[in-house]
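**Q**
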């Protein structure tokens with residue numbers, strides 16, 4: 002089974018009219034929830050369901066424990082997990098630093114070379130037209146309709162989900178989301194890459 006992709010224009014940050022090379026993005030065929038993934042592994046690897054659930058919970062718990070102690074953790078042949086930090090923009094000199102000035106930026110996953118190589122060697126790519134991209138962006142009313150339909154089955158949405166849902170670019174999606182926040186339709190939760198938006202009831 003091949004991986005579908007589509008080509009997109011690359012925005013020019015200098016805005017000088019110069020065209021940049023196109024970039025490719027995977028057109029997702031869907032996503033697996035944790036529960037569906039466990040069912041798949043159980044079926045393919047013949048591991049008892051309860052044992053697999055317990056193992057994943059134990060790995061997750063131990064991984065958090067070690068990261069909180071400042072360790073980098075290698076998980077099987079997948080790769081290494083480690084924490085990354087951010088410093089408040091107000092801090093320009095070391096003496097300006099206060100404890101709250103440093104916070105968690107994210108959790109890094111550095112993929113193992115062999116894991117990446119295995120994927121690369123077996124990867125089959127096929128060009129397709131993304132069903133999530135539209136030439137004429139949807140108006141606010143239609144975006145809101147799709148958003149409401151999405152919330153009927155999901156508790157929250159992130160920017161990437163909204164982009165796929167409406168065919169908007171990153172910039173357009175952020176503009177829409179900020180508008181919906183101002184209108185009291187959405188509420189923002191989380192920081193950085195973990196930001197999600199919930200529907201205001």
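Residue numbers (my numbering): 2 to 202. Cβ atoms here follow ideal geometry from the backbone N, Cα and C, with glycine treated the same way.
Per DSSP, residue 24 forms a beta bridge with which residues?
**A** In the chain shown, residue 24 corresponds to position 23, counting from 1. Beta-bridge pairing links residue 24 to 9.
**Q** Distance check for residue 33 and residue 181, CA to CA, integer angstroms please.
**A** Taking the chain shown and counting its residues from 1, one reaches residue 181 at position 180. Taking the chain shown and counting its residues from 1, one reaches residue 33 at position 32. Computed Cα separation, rounded: 28 Å.
**Q** Which term fits residue 169, buried or exposed, when burial requires 16 or more other beta carbons within 10 angstroms of its beta carbon?
**A** Numbered from 1 along the chain shown, position 168 holds the residue referred to as residue 169. By the 10 Å Cβ count, residue 169 comes out buried.
**Q** What number of angstroms, rounded off, separates the C-alpha of residue 265 from the C-alpha of residue 163?
**A** The shown model of the chain, from 2 to 202, leaves out residue 265, and the question about it has no answer.
**Q** Where residue 63 and residue 197 are concerned, what is the direct C-alpha to C-alpha distance, given to the nearest angstrom?
**A** Here the question's residue 63 lines up with position 62 in the chain shown. Here the question's residue 197 lines up with position 196 in the chain shown. If I take the Cα positions, the gap works out to 26 Å.
**Q** Does the beta-carbon distance from residue 187 to residue 201 come in below 8 Å?
**A** Mapped onto the chain shown, residue 187 falls at position 186. Mapped onto the chain shown, residue 201 falls at position 200. Closer than 8 Å, so yes.
**Q** Can you list, in chain order, the residues of its chain with a C-beta nearer than 7 Å to that of residue 59? Leave out the 5 residues immediately preceding and following it.
**A** Sequence index remark: in the chain shown, residue 59 carries index 58 (1-based). So no residue of the chain qualifies.
**Q** Which term fits residue 148, buried or exposed, when burial requires 16 or more other beta carbons within 10 angstroms of its beta carbon?
**A** Working through the chain shown from its first residue, we reach residue 148 at position 147. Per the 10 Å Cβ criterion, buried.
**Q** For the beta strand (DSSP E) containing residue 75, list its first residue and its last residue.
**A** Position 74 of the chain shown holds residue 75. From DSSP, the beta strand (DSSP E) with residue 75 extends over 74-76.
**Q** Does DSSP put residue 109 in a helix, a strand or coil?
**A** On the chain shown, residue 109 is found 108 positions in, with the first residue counted as 1. DSSP places residue 109 in strand when its eight states are reduced to three.
**Q** Measure the C-alpha to C-alpha separation of residue 53 and residue 23 and round it to an integer number of angstroms.
**A** What you label residue 53 is simply residue 52 of the chain shown in a count that begins at 1. What you label residue 23 is simply residue 22 of the chain shown in a count that begins at 1. Computed Cα separation, rounded: 42 Å.
**Q** Specify, as a first and last residue, the run of the beta strand (DSSP E) that residue 67 falls within.
**A** In the chain shown, residue 67 corresponds to position 66, counting from 1. Looking at the DSSP string, residue 67 is not in any beta strand (DSSP E); the run it does join, the alpha helix (DSSP H), is 50-69.
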